[in-house]
Structure formats: C-alpha cells, structure tokens
Amino acid sequence: MSLSDAIALKRKGCYGTFYGELLQTLGRLDGVKQDWLVEDIIGNWWRPNFEPPQYPYIPPHITKPKEHKRLFLVQLQEKGIV
Numbered sequence: 009m010s011l012s013d014a015i016a017l018k019r020k021g022c023y024g025t026f027y028g029e030l031l032q033t034l035g036r037l038d039g040v041k042q043d044w045l046v047e048d049i050i051g052n053w054w055r056p057n058f059e060p061p062q063y064p065y066i067p068p069h070i071t072k073p074k075e076h077k078r079l080f081l082v083q084l085q086e087k088g089i090v
C-alpha cells in the first residue's frame, strides 16, 4: 500500500491496527517511529458546499456540510526530524 493510499484511508476514517501503525510512521521515509501526543481539538472548520470558503460554524441553512476539518494540538518529541 502506498503512502497516498494510507492518507486516503486516514481521510475516510478507517481505523484499526494498520491505522495505528501508520500514525507512528506517517511522513517518515526511514520508518522510524515517533512519539506523538495528540492533546485536544483546537478548531473545527466546515465547508457547506464545494466552494473555497470555510467557516468555524455550520451555517443555519446547511443540513449536511460537504467537508469537516478538525485541527488538533499535537506535541512532538523533544528531538527528532519533522
């Protein structure tokens, strides 16, 4: 499975053992595991349709937004390659 396939699975919300292993090595070319600590959700942005503007709230006239982005606070290890 290629990295682009793995990212697609991440976007679709496919969780499991493979996904847990993927989070530890995602973005690394050498496969070294990093200690990431996902703290909290610090923001939510919604896109009501397929146009560029995003909003920090769901507009009242939208029943099902087309996209939902979450921003997470992630602490990386003290030393490492980003």
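Take 9 as the starting number for the sequence shown in my numbering and just add one per residue. All C-beta atoms in this analysis are idealised placements derived from N, C-alpha and C, irrespective of residue type, glycine included.
| Item | Value |
| --- | --- |
| Between H4 and P61, what straight-line distance do the alpha-carbon atoms span, to the nearest angstrom? | The shown model of the chain, from 9 to 90, leaves out residue 4, and the question about it has no answer. |
| For a test of the three-state rule: what should DSSP assign to W53, helix, strand or coil? | strand |
| Name the residue from V82, I70, F80 whose alpha carbon lies nearest to the alpha carbon of R4. | The question about residue 4 has no answer here: the residues shown for the chain are numbered 9 through 90. |
| Could you say which of R78, W44, Q83 lies nearest to N52 if we only look at CA atoms? | R78 |
| In three-state terms, what does DSSP make of L84? | coil |
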